[in-house]
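In my numbering, the protein residues as written are 7 to 648. All C-beta atoms in this analysis are idealised placements derived from N, C-alpha and C, irrespective of residue type, glycine included. First the structure, in the form of structure tokens, and then the observations on it.
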Amino acid sequence: MAPSKQAIHGLLTVLSAPDLVLSGSDGQVRGPGPQGWYSRDRRALARLEFELPGFEQVTVGRRRTGPDAVTVHSVVTALSDRTTDPTADRPLLANRHRAVSAAALAERLTLTNFGTGAVRLTLRAHTGTDLAGLDAVRSGRLTRPVPPLSHGGDVRWEGVNITVSLRCTPEPDTVDLDADGAELTWLITLDPGDSWSVRLTAGCAQGRPVGFAPTAASRRPQWTVGELPVGTADLVAANLADLDALLLADPDDQDDRFTAAGAPWYLTLFGRDALWTARMLLPVGPELAGGTLRTLARRQGQRLDPGTEEAPGKILHEARPDPLRVGQLRLPPVYYGTIDATALWVLLLHDAWRAGMPAGEVAALLPNLVAALDWITGPHADPDGDGLLEYTGSADGGLGNQGWKDSADGIRHGDGRLAAAPLALCEVQGYAYAAALGAAALAEEFGLPHGPAWLAWAARLREVFHAAFWLTDDVGSYPAIALDAGKRPVAGASSNIGHLLGTGLLDAGQAERVAHRLAAPDLTTGYGLRTLSSDCAAYHPLSYHLGSVWPHDTAIAILGANAEGQHELADVLADGLLRAARHFAGRPPELYGVLDGEPVRYPSACRPQAWSAAAIVVAALTVNPTARTTGPGGAASATGRR
Numbered sequence: 007m008a009p010s011k012q013a014i015h016g017l018l019t020v021l022s023a024p025d026l027v028l029s030g031s032d033g034q035v036r037g038p039g040p041q042g043w044y045s046r047d048r049r050a051l052a053r054l055e056f057e058l059p060g061f062e063q064v065t066v067g068r069r070r071t072g073p074d075a076v077t078v079h080s081v082v083t084a085l086s087d088r089t090t091d092p093t094a095d096r097p098l099l100a101n102r103h104r105a106v107s108a109a110a111l112a113e114r115l116t117l118t119n120f121g122t123g124a125v126r127l128t129l130r131a132h133t134g135t136d137l138a139g140l141d142a143v144r145s146g147r148l149t150r151p152v153p154p155l156s157h158g159g160d161v162r163w164e165g166v167n168i169t170v171s172l173r174c175t176p177e178p179d180t181v182d183l184d185a186d187g188a189e190l191t192w193l194i195t196l197d198p199g200d201s202w203s204v205r206l207t208a209g210c211a212q213g214r215p216v217g218f219a220p221t222a223a224s225r226r227p228q229w230t231v232g233e234l235p236v237g238t239a240d241l242v243a244a245n246l247a248d249l250d251a252l253l254l255a256d257p258d259d260q261d262d263r264f265t266a267a268g269a270p271w272y273l274t275l276f277g278r279d280a281l282w283t284a285r286m287l288l289p290v291g292p293e294l295a296g297g298t299l300r301t302l303a304r305r306q307g308q309r310l311d312p313g314t315e316e317a318p319g320k321i322l323h324e325a326r327p328d329p330l331r332v333g334q335l336r337l338p339p340v341y342y343g344t345i346d347a348t349a350l351w352v353l354l355l356h357d358a359w360r361a362g363m364p365a366g367e368v369a370a371l372l373p374n375l376v377a378a379l380d381w382i383t384g385p386h387a388d389p390d391g392d393g394l395l396e397y398t399g400s401a402d403g404g405l406g407n408q409g410w411k412d413s414a415d416g417i418r419h420g421d422g423r424l425a426a427a428p429l430a431l432c433e434v435q436g437y438a439y440a441a442a443l444g445a446a447a448l449a450e451e452f453g454l455p456h457g458p459a460w461l462a463w464a465a466r467l468r469e470v471f472h473a474a475f476w477l478t479d480d481v482g483s484y485p486a487i488a489l490d491a492g493k494r495p496v497a498g499a500s501s502n503i504g505h506l507l508g509t510g511l512l513d514a515g516q517a518e519r520v521a522h523r524l525a526a527p528d529l530t531t532g533y534g535l536r537t538l539s540s541d542c543a544a545y546h547p548l549s550y551h552l553g554s555v556w557p558h559d560t561a562i563a564i565l566g567a568n569a570e571g572q573h574e575l576a577d578v579l580a581d582g583l584l585r586a587a588r589h590f591a592g593r594p595p596e597l598y599g600v601l602d603g604e605p606v607r608y609p610s611a612c613r614p615q616a617w618s619a620a621a622i623v624v625a626a627l628t629v630n631p632t633a634r635t636t637g638p639g640g641a642a643s644a645t646g647r648r
């Protein structure tokens, strides 16, 4: 996921995948910029702003009734009152309620007169849109407003394969249309004690393949959390609600659900994100794993296609209704440029089986398992045949880095130089090793003949890894983040090494050394793990991948540390994530920095982000010793060590 340059950290988000609204904290939608109502990656409305000429609206509070609805409370003051009696109470209150659902937005503005005299006022609603694709908004590309049309009692905007309609109750007294939008006007008289409301309902119809479906409330997973430590139940509830709001369904079988990666930029299927989220949530919602596995299995690679980077057996990176163009990034609608999603798919299948996934559901996915292992152990994942998985990146507008740190500058040498591809990432070797052992366990259980070959392949990977990856610095020994094109280890301690814990690739002594290295103050903050040591030349606390804190990244280290018996590290990291969640009003963003000992927002970070929300569940279960998990996803550690 390449970082966006659009700042959204101060915006109010209302979400029900695949729709969301980004507005100012006062509820006003003031496009251009990133604000707007988005439906399936298109901006349906760029502006929805209420104005009371001659009056000022001052926001005094907000109340969420869930991720999909919010009410904003305001005091309305006549500008003339500022000079005539600046100390008097203001008699007018405004309540603006917003709710979003699939392809629909509802807004209700209520004005109430608590004064002793009648009030006459004019209300104007300014509306407009550019019908822009989300990638254009994310890139900050210049877009043009679409002129509105009058259609019966509605205002409409029409574009290629998209129509947006807006209806008001009561109807406005006047409707003025111009090239930039529509201005709707009501003339209102409020007697003492009276209230007056207007309801605006908008719909978005798209005449194109629109990808994944919204999930009905009746089909959402039943999260089973159990007893939680004091002070964590509200955090877990808020983040599970966000996960519900991020759920999408596979249109090929709407009983199969998965989590979209995050709002607003990644409100679709991402293989890596969906797999890690489902794996983290196995202790509280194992049903999600099955839907995620099947949704991705239906889209598993079948052929070689350099344009999409598809290969037989490979699990996709992301899928969208339309191509994506953000800066230099050019992605097709279905894109397979990921080195780790295939192994993570295998790991989720293994862990879901160990957690009680019905045998029939597991058996139905065994052909996909064999295809995935063919890719992991074959020449497409290891083109030079050295026994390690590596990627070359894409020269045609795809992702240059194809692990979870997939920004263009995400992998750097300790002296700050970019690491040249092909790159063999340390955590990918851990995933692949655990996947081969987990697949061998499934093969033994279900009568597949492949187990011995998979174990032999894993043994070779382990040997090559330990011969090539280990480095030492002033704190201790640790694995390099990667081997570069010259098979040189990329120096500089990083959070990636935490992903090796619990995979079985490390022996007990090596796991202890990795835990010791992670616990050092250059990596561990009071709010989670830095992605890169603060001692490295490339360190920047508010970069995307070079020193920021990602909650999911820390949660993976927590799970691995518990699996290795390194409970002190797990507890410190879990406590830090919970502290960060409270700092961010219970709902951590995609990533953040830590400056002067306090978390600070990364301006364009998604919030909510699925694996960040799942990370808080992991942290809450970790600080409760009776709920401590024994491996990633809550199942026993994938295979143990060999």
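As computed with DSSP, Trp43 is found in a beta bridge with Val27 and Leu51.
Looking from the CA of Ala378, the closest CA among Leu355, Ser400, Gly409 and Leu506 belongs to Leu355. By the criterion of a C-beta distance shorter than 7 angstroms, Ala491 is surrounded in its chain by Ala426, Ala427 and Pro428, once the five residues flanking it on both sides are discounted. One Cα belongs to Gly457, the other to Leu443, and the distance between them is close to 8 angstroms.
In the three-state reduction of the DSSP assignment, Phe120 falls in the coil class. DSSP places Arg585 in the uninterrupted alpha helix (DSSP H) bounded by His573 to His589.
Within the segment 307-343, the beta strand (DSSP E) runs of at least 3 residues that lie entirely inside it are, in chain order, 330-332 and 335-337. Contact check for Arg593 and Arg607: beta-carbon distance about 12 angstroms, past the 8 angstroms limit, so the pair fails to qualify.
Annotation: the segment 413-464 contains the following complete segments of the alpha helix (DSSP H) (minimum length 4 residues), in chain order: 432-452. Leaving aside the five residues that flank Gly553 on each side, the residues in its chain whose CB is nearer than 7 angstroms to its CB run, in chain order, Arg536, Thr537, Leu538, Ser540, Tyr545, His546 and Pro547. For Thr195, the CB contacts under 7 angstroms within the same chain, skipping 5 residues up- and downstream, are Ala124 and Arg126 in chain order. The three-state secondary structure of Thr221, taken from DSSP, is coil.
Contact between Gly582 and Thr531 holds, since their C-beta atoms are separated by about 7 angstroms, short of 8 angstroms. The residue among Ala465, Leu431, Cys432 and Val434 with its C-alpha nearest the C-alpha of Ala446 is Ala465. Excluding five sequence positions before and after Leu206, the CB atoms of its chain that fall closer than 6 angstroms to its own CB belong to Glu113 and Cys174, given in chain order. Burial of Thr133 is indicated by the presence of at least 16 other C-beta atoms within 10 angstroms of its C-beta. A residue is called buried when at least 16 other Cβ atoms come within 10 angstroms of its Cβ; Arg300 meets this threshold and is buried. Taking 8 angstroms as the cut-off, the Cβ atoms of Leu371 and Ala303 count as close. Residues of the same chain with a CB within less than 8 angstroms of the CB of Gly404, apart from the 5 flanking positions on each side, are Glu315, Leu335, Arg336, Leu337, Tyr341 and Gly343 in chain order. By the neighbour-count definition (other C-beta atoms within 10 Å, threshold 16), Asp256 is a buried residue. When Glu604, Glu189, Thr149 and Pro73 are compared, the shortest CA-CA separation from Leu58 is found for Glu189. Contact annotation: Thr283 and Ala616 have beta-carbon atoms nearer than 8 angstroms. Residue environment analysis places Ala621 among the buried positions, since at least 16 neighbouring C-beta atoms fall within 10 angstroms of its C-beta. Straight-line spacing of the CA atoms in Leu575 and Ala619 works out to 21 angstroms. Non-local beta-carbon contacts of Thr191 in its own chain, meaning distances under 6 angstroms to residues more than five positions away in sequence, involve Arg130, Pro178, Asp179 and Thr180 in chain order.
With a threshold of 16 other beta carbon atoms within 10 Å, Leu375 meets it and is buried.
The residue among Gly393, Gly384 and Ala521 with its C-alpha nearest the C-alpha of Gly566 is Ala521. For Asp136, same chain residues with a beta-carbon under 7 angstroms away, outside a window of 5 residues either side, are Arg49, Ala52, Thr149, Arg150, Pro151 and Val152 in chain order. The beta carbons of Ser10 and Pro24 sit no closer together than 8 angstroms.
The three-state secondary structure of Pro373, taken from DSSP, is helix.
In this structure, the beta-carbon distance from Val470 to Ile345 does not fall below 8 angstroms. Inter-residue distance for Val578 and Tyr598 is about 18 angstroms (C-alpha atoms, whole angstroms). One thing to note: Trp43 has its Cβ no nearer than 8 angstroms to the Cβ of Val66.
For Ile168, there is no enclosing alpha helix (DSSP H); the enclosing beta strand (DSSP E) covers residues Ile168 to Thr175. In this structure, the straight-line span from the alpha carbon of Leu273 to that of Leu249 is close to 12 angstroms.
Taking every protein chain shown into account, the CB of Asp328 has 16 or more other CB atoms within 10 angstroms, so this residue is buried.
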